[in-house]
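Colleague: Sequences listed follow chains U and E, in order. Quick note on numbering: the first sequence equals residues 1 to 60 in our numbering. Quick note on numbering: the second sequence equals residues 61 to 608 in our numbering. Just so it is clear, CB atoms sit at the ideal spot from N, CA and C, and this is done for glycine as well.
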Amino acid sequence: MRLIGIAVVLGGWCITLAGLLMTSTVVARGVIACVGIGVSVFGILGVLNSYYLARAIWKK
Amino acid sequence: MRSLKIKAQFLLAILGVGTALCFAAPFRAEAADLSGIKGPDTAQIAAKGDPGAEMTGTVNDVTVADAKAGLTLADLANQAGQNKIAINFVWTLVTGFLVMFMQAGFALVETGLIRAKNANHTMMMNFMVYGLGLFAYYVSGFAIQMGGCAPIANLGGVYPLNSEYAVTLFGKPWALFGQKGFFLHGATYDVGVMVLFLFQMVFMDTTTTIVTGSCAERWKFSAFCISTIGLGAVIYPLFGNWAWGCGWLSQLGVNFGLGHGYCDFAGSGVVHAVGGLTALACAMIVGPRIGKFNRDGSPNAIPGHDLVLVLVGCFILAFGWFGFNPGSTLGASGNGCLRIGSVAVNTMLAGCTGSFGALLYMWMRYGKPDASMAGNGLLAGLVAITAPSGFVNPLAAAVIGWIAGILVCLAVEFFDRVPKVDDPVGAISVHGINGLWGVLAVGLFSDGRSNFGGSWNGVPGSVTGVFYGDPGQLVAQLVGISTLVGAIFTLSFLWNWLVDVFVGQRCNPKSELAGLDIPEMGALCYPDFQLKTQDYRTAWPRKIKEDS
Chain U
1 MRLIGIAVVL
11 GGWCITLAGL
21 LMTSTVVARG
31 VIACVGIGVS
41 VFGILGVLNS
51 YYLARAIWKK
Chain E
61 MRSLKIKAQF
71 LLAILGVGTA
81 LCFAAPFRAE
91 AADLSGIKGP
101 DTAQIAAKGD
111 PGAEMTGTVN
121 DVTVADAKAG
131 LTLADLANQA
141 GQNKIAINFV
151 WTLVTGFLVM
161 FMQAGFALVE
171 TGLIRAKNAN
181 HTMMMNFMVY
191 GLGLFAYYVS
201 GFAIQMGGCA
211 PIANLGGVYP
221 LNSEYAVTLF
231 GKPWALFGQK
241 GFFLHGATYD
251 VGVMVLFLFQ
261 MVFMDTTTTI
271 VTGSCAERWK
281 FSAFCISTIG
291 LGAVIYPLFG
301 NWAWGCGWLS
311 QLGVNFGLGH
321 GYCDFAGSGV
331 VHAVGGLTAL
341 ACAMIVGPRI
351 GKFNRDGSPN
361 AIPGHDLVLV
371 LVGCFILAFG
381 WFGFNPGSTL
391 GASGNGCLRI
401 GSVAVNTMLA
411 GCTGSFGALL
421 YMWMRYGKPD
431 ASMAGNGLLA
441 GLVAITAPSG
451 FVNPLAAAVI
461 GWIAGILVCL
471 AVEFFDRVPK
481 VDDPVGAISV
491 HGINGLWGVL
501 AVGLFSDGRS
511 NFGGSWNGVP
521 GSVTGVFYGD
531 PGQLVAQLVG
541 ISTLVGAIFT
551 LSFLWNWLVD
561 VFVGQRCNPK
571 SELAGLDIPE
581 MGALCYPDFQ
591 LKTQDYRTAW
601 PRKIKEDS
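1. Identify which residue in E:Gln590, E:Asp577, E:Asp588, E:Pro587 has its Cα closest to the Cα of E:Met183.
2. Using the C-alpha atoms, what's the distance from E:Ser274 back to E:Leu351?
3. What residues in its chain sit with their C-beta under 6 Å from that of E:Phe281, if we drop five residues either side in the sequence?
4. Tell me, please, whether the CB atom of U:Ala56 is closer than 8 Å to any CB atom in chain E?
5. Give the residues of chain E in contact with U:Val26, contact being defined as C-beta atoms less than 7 Å apart.
6. For E:Ser515, name the three-state secondary structure that DSSP assigns.
7. Against chain U, which members of the segment 538 to 559 of chain E pass a CB distance test of less than 8 Å?
8. Let me know if U:Val8 comes out buried or exposed under the rule of 16 or more other beta-carbons within 10 Å of its beta-carbon.
9. Assign E:Ser608 to one of three DSSP states: helix, strand, or coil.
10. The beta strand (DSSP E) spanning E:Ala235 covers which residue range?
11. From E:Leu168 to E:Leu538, what does the alpha carbon distance come to, in whole angstroms?
12. Across the segment 212 to 222 of chain E and the segment 236 to 256 of chain E, are there enough close Cβ pairs to call them in contact, namely three or more that are closer than 8 Å?
13. For a contact meaning CB atoms closer than 8 Å, what does U:Ile4 contact in chain E?
14. So, at 7 Å on beta carbons, what are the nonlocal neighbours of E:Phe475 in its own chain, with the 5 sequence-adjacent residues on each side left out?
15. Out of E:Gly435, E:Met424, E:Val314, which has the shortest C-alpha to C-alpha gap to E:Leu371?
16. Assuming E:Glu277 is part of the beta strand (DSSP E), what are its boundary residues?
17. Could you tell me which of E:Leu442, E:Asn453, E:Met254 sits nearest to E:Ile463, measuring between CA atoms?
18. Which runs of the beta strand (DSSP E) spanning at least 3 residues fall entirely within the segment 179 to 239 of chain E, listed in chain order?
19. Pick from E:Asp121, E:Pro359, E:Leu573, E:Asn143: whose alpha carbon is nearest that of E:Lys98?
20. Can you find at least 3 beta carbon pairs, one from the segment 126 to 143 of chain E and one from the segment 152 to 166 of chain E, that sit closer than 8 Å?
21. Between which residues of its own chain and E:Phe589 is the CB-CB distance below 8 Å, once the five residues before and five after are set aside?
22. Would you identify the three-state DSSP class for E:Pro297, choosing helix, strand or coil?
23. Can you list, in chain order, the residues of its chain with a C-beta nearer than 8 Å to that of E:Lys605? Leave out the 5 residues immediately preceding and following it.
24. How would you label E:Pro297, buried or exposed, when you count the other beta carbons within 10 angstroms and need 16 or more for buried?
25. Which whole-angstrom value is the C-beta distance of E:Phe382 and E:Leu158, which I expect to be below 8 Å?
26. In the DSSP assignment, find the unbroken alpha helix (DSSP H) run with U:Ser50 in it and report its ends.
27. What is the rounded straight-line gap between the Cα of E:Trp234 and the Cα of E:Ile445?
28. What does E:Pro579 reach in chain U if we use C-beta pairs closer than 8 Å?
29. Just how far apart, CA to CA, sit U:Ile4 and E:Gly582?
30. Give me the chain E residues within the contact set of U:Val47, using Cβ-Cβ distance strictly less than 9 Å, ordered along the chain.
31. State the Cα-Cα distance for the pair E:Met206 and E:Gly305, rounded to the nearest angstrom.
32. Name the two residues that bound the continuous alpha helix (DSSP H) containing E:Asp560.
33. Does DSSP put E:Arg477 in a helix, a strand or coil?
34. Considering only their Cβ atoms, is the gap separating E:Ile204 from E:Phe166 smaller than 8 Å?
35. Quick one: residues in its chain with C-beta nearer than 8 Å to the C-beta of E:Gly241, no 5 flanking neighbours on either side, listed in chain order?
36. On the premise that E:Ser310 lies in contact with E:Asn143, defined as a C-beta separation below 8 Å, what is that separation, rounded to the nearest angstrom?
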């Protein structure tokens with residue numbers, strides 16, 4: 001699960017980098033960067049943190 | 061009437077002389093012009109002294125290369141060059157000393173915000189972060205970050221730092237890390253490089269000290285040591301290189317036409333967001349303190365033990381920030397460095413409005429002005445203005461700080477209630493969230509009127525945000541944010557995961573409930589005080605069954 005989370009977080013960054021290379025339009029690059037940031041944030045809070053929340057000390 | 065006539069004649073005379081000077085050949089000083097210049101009589105100074113400072117600092121003090129030839133134009137030019145670099149060296153070193161003193165501020169803020177039973181442990185983490193970080197940065201961090209940054213004109217060029225590793229992908233160069241300056245040996249034994257090392261080192265130390273706050277009260281000291289070394293040796297320097305060491309982010313303007321590339325004047329992203337995101341990764345791995353969350357997931361407030369420490373620490377940090385931001389010009393002479401006045405005022409304003417924003421938010425929401433959140437609001441404003449401080453006007457600085465003050469309160473509530481990440485001092489919210497906000501603010505509010513030597517990151521002109529007509533700058537900042545959240549967080553998480561696997565990040569529950577001062581450090585911070593400690597058998601009943 002943690003490896004999947006890391007992959008999603010890194011994937012967001014890769015989306016942003018791909019946007020730089022795919023298009024030269026400023027607006028399109030900006031939108032793709034926002035999508036990349038969103039994916040990374042989801043990876044951190046939605047995947048990685050969920051893994052740790054499921055095993056949280058206060059749930060034991 | 062007569063006086064008016066005299067004034068008119070005088071004005072005409074000045075205009076005439078001015079016009080004559082404009083059309084005359086440019087003034088050229090000849091060697092002969094200088095030979096007649098004599099300084100004050102040293103015998104006279106020896107006899108009477110110089111209480112009015114009229115005879116001190118004259119031509120007598122200009123170093124002459126050849127005594128037989130006397131004073132030459134080359135001597136004067138060399139003296140002028142050395143004076144410029146001397147001013148910049150002194151400025152950069154003194155501001156670096158101020159930033160170093162921020163360590164004391166962080167130590168006080170963090171220690172004040174945790175319980176007394178962990179005070180020695182938290183203080184020692186803040187104390188040792190200086191030495192551990194320094195060592196890591198000396199071994200490899202500085203070289204990775206600044207090994208290919210030359211030339212830096214304000215510091216005399218720092219020409220030995222001239223090797224940057226880059227790869228070419230999809231037809232574009234991607235500069236990744238520096239290669240000169242490991243152990244500061246060889247040609248990097250250079251006066252300019254030394255000044256740069258000191259200044260950059262204290263910045264890195266600020267990053268490493270952010271993490272100690274988010275993991276306070278349950279972090280194993282040995283794990284903290286190893287984690288800090290990794291952050292100072294590799295993770296921080298890598299992003300530092302990309303942003304400040306001529307790395308690929310700083311070249312987004314040159315290579316991809318995005319404004320002036322990723323711009324971060326003093327480090328909202330490089331220092332604070334890197335520290336804040338590493339703090340998030342560590343806090344997730346270490347887990348929340350026992351008692352922070354109830355079984356239904358609702359959070360409990362765990363108040364700190366000394367608000368005096370917290371607020372004095374905030375003042376020290378605000379003072380140190382005058383080194384952090386204005387010092388980032390790396391000089392006070394040349395290349396637009398006189399903007400240090402504007403940078404200092406922006407810093408002051410954002411801190412002020414940040415504390416206002418937090419104070420008012422807490423007052424309106426909870427009915428009382430919260431002291432610790434007012435302090436965090438001040439820090440949030442300072443963190444947020446760190447990246448834009450060199451590029452925005454005072455009004456924008458005040459707005460950026462105000463938003464940061466409110467943002468820090470919202471972020472603290474969010475991390476407590478939604479992802480349930482325990483952050484005893486609010487480091488993730490203050491440094492992580494507001495560091496990212498500061499990076500974004502550059503792309504919004506930069507007014508295009510700063511002029512640091514006519515260009516920034518190799519792109520001519522001034523940094524201009526989207527509100528002043530350059531949407532490309534905003535996109536460059538977004539790419540920077542994505543890199544911080546996507547790449548730097550991942551590196552920090554992986555490193556600390558490894559530390560968790562091989563060393564273990566968290567103290568055992570008995571130590572945590574008793575307080576970490578005795579189990580981890582061997583001594584209480586306040587041995588004469590009677591401390592309140594929790595009995596782990598009542599605080600965590602299932603664990604005692606497992607232990608027994």
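Modeller: According to the structure shown:
1. What you label residue 183 of chain E is simply residue 123 of the second sequence in a count that begins at 1. Per the Cα distances, E:Asp577.
2. Looking up residue 351 of chain E in the second sequence gives position 291. Looking up residue 274 of chain E in the second sequence gives position 214. Residue identity check: residue 351 of chain E is Gly in the sequence provided, not Leu. Looking at the two C-alpha atoms, the distance is approximately 16 Å.
3. For the purposes of this step, residue 281 of chain E is identified with residue 221 of the second sequence, where counting begins at 1. Around E:Phe281: Glu580.
4. As a position in the first sequence, residue 56 of chain U is number 56, starting the count at 1. By this cut-off, U:Ala56 is an interface position.
5. By 1-based counting over the first sequence, the position of residue 26 of chain U is 26. Going along chain E in sequence order, the residues near U:Val26 (Cβ under 7 Å) are Pro531, Gly532, Val535.
6. Position 455 of the second sequence, counted from the first residue, corresponds to residue 515 of chain E. DSSP places E:Ser515 in strand when its eight states are reduced to three.
7. Leu538, Val539, Ile541, Ser542, Thr543, Val545, Gly546, Ala547, Phe549, Thr550, Phe553, Leu554, Trp557
8. Counting from one through the first sequence, the residue named residue 8 of chain U turns up at place 8. Answer is buried; the Cβ neighbour count reaches 16.
9. Locating residue 608 of chain E in the second sequence gives position 548, counting from the first residue. Confidence at E:Ser608 is low in this model, with a pLDDT of 36, below 50, so its placement is unreliable and the value that follows should be read with caution. E:Ser608: coil per DSSP, three-state reduction.
10. Here residue 235 of chain E corresponds to residue number 175 of the second sequence, with the count starting at 1. 232 to 238 is the span of the beta strand (DSSP E), which, as asked, contains E:Ala235.
11. Mapped onto the second sequence, residue 168 of chain E falls at position 108. Mapped onto the second sequence, residue 538 of chain E falls at position 478. Each residue's Cα considered, the two are about 34 Å apart.
12. yes
13. Within the first sequence, residue 4 of chain U is the residue found at index 4, counting from 1. Near U:Ile4 there are no residues of chain E at all, since even the closest Cβ is about 13 Å away, more than 8 Å.
14. Against the second sequence, residue 475 of chain E aligns to sequence position 415. Cβ within range, chain order: Val481, Asp483, Ile488, Ser489.
15. In the second sequence, residue 371 of chain E corresponds to position 311, counting from 1. Comparing Cα positions, the closest option is E:Gly435.
16. Sequence index remark: in the second sequence, residue 277 of chain E carries index 217 (1-based). Segment: none, E:Glu277 is in no beta strand (DSSP E) and carries neither H nor E.
17. If you number the second sequence from 1, residue 463 of chain E lands on position 403. When only C-alpha atoms are compared, the closest one is E:Leu442.
18. 224 to 229, 232 to 238
19. One-based indexing of the second sequence puts residue 98 of chain E at position 38. E:Lys98 has its Cα closest to that of E:Asp121, out of E:Asp121, E:Pro359, E:Leu573, E:Asn143.
20. no
21. If you number the second sequence from 1, residue 589 of chain E lands on position 529. Closer than 8 Å at the Cβ level, and outside the excluded window around E:Phe589, lie Ala176.
22. Position 237 of the second sequence, counted from the start, is the residue given in the question as residue 297 of chain E. Three-state DSSP puts E:Pro297 in a helix.
23. As a working mapping, residue 605 of chain E is identified with position 545 in the second sequence. Confidence in E:Lys605 is poor, its pLDDT being 43 and thus under 50, which makes the residue's placement unreliable; the coordinate value appears in the next sentence. The answer is none, since no qualifying residue turns up.
24. Taking the first residue of the second sequence as position 1, residue 297 of chain E is located at position 237. Result: buried.
25. Along the second sequence, read from residue 1 onward, the residue named residue 382 of chain E stands at position 322. Along the second sequence, read from residue 1 onward, the residue named residue 158 of chain E stands at position 98. Contact holds; Cβ gap of about 6 Å.
26. Locating residue 50 of chain U in the first sequence gives position 50, where the first residue counts as 1. First-last of the alpha helix (DSSP H) with U:Ser50: 49 to 54.
27. On the second sequence, position 174 is the one that residue 234 of chain E refers to. On the second sequence, position 385 is the one that residue 445 of chain E refers to. Cα to Cα, the separation comes out at about 28 Å.
28. To locate residue 579 of chain E, count along the second sequence from 1; it is residue 519. Here the premise fails: no neighbours, minimum Cβ distance about 18 Å.
29. The sequence position of residue 4 of chain U within the first sequence is 4, counting from 1. The sequence position of residue 582 of chain E within the second sequence is 522, counting from 1. Using only the alpha carbons, I get a separation of about 40 Å.
30. Position 47 of the first sequence holds residue 47 of chain U. Ordered by position in chain E, no residue passes the 9 Å Cβ test against U:Val47, which lies about 11 Å from the chain.
31. Translated into the one-based positions of the second sequence, residue 206 of chain E becomes position 146. Translated into the one-based positions of the second sequence, residue 305 of chain E becomes position 245. Cα to Cα, E:Met206 sits roughly 5 Å from E:Gly305.
32. Sequence index remark: in the second sequence, residue 560 of chain E carries index 500 (1-based). E:Asp560 -> alpha helix (DSSP H) spans 549 to 562.
33. Counting from 1 along the second sequence, the entry for residue 477 of chain E is found at position 417. If DSSP states are grouped into helix, strand and coil, E:Arg477 belongs with the helices.
34. Sequence index remark: in the second sequence, residue 166 of chain E carries index 106 (1-based). Sequence index remark: in the second sequence, residue 204 of chain E carries index 144 (1-based). No; because the gap between Cβ atoms is not below 8 Å, this pair is not in contact.
35. Sequence index remark: in the second sequence, residue 241 of chain E carries index 181 (1-based). If we look at E:Gly241 and ignore the five residues flanking it on each side, its Cβ neighbours are Phe202, Ala203, Met206, Gly207, Pro220, Leu221, Thr248, Val253, Phe257.
36. Counted from its first residue, the second sequence places residue 143 of chain E at position 83. Counted from its first residue, the second sequence places residue 310 of chain E at position 250. At roughly 30 Å, the Cβ-Cβ gap does not stay under 8 Å, so E:Asn143 and E:Ser310 are not in contact.
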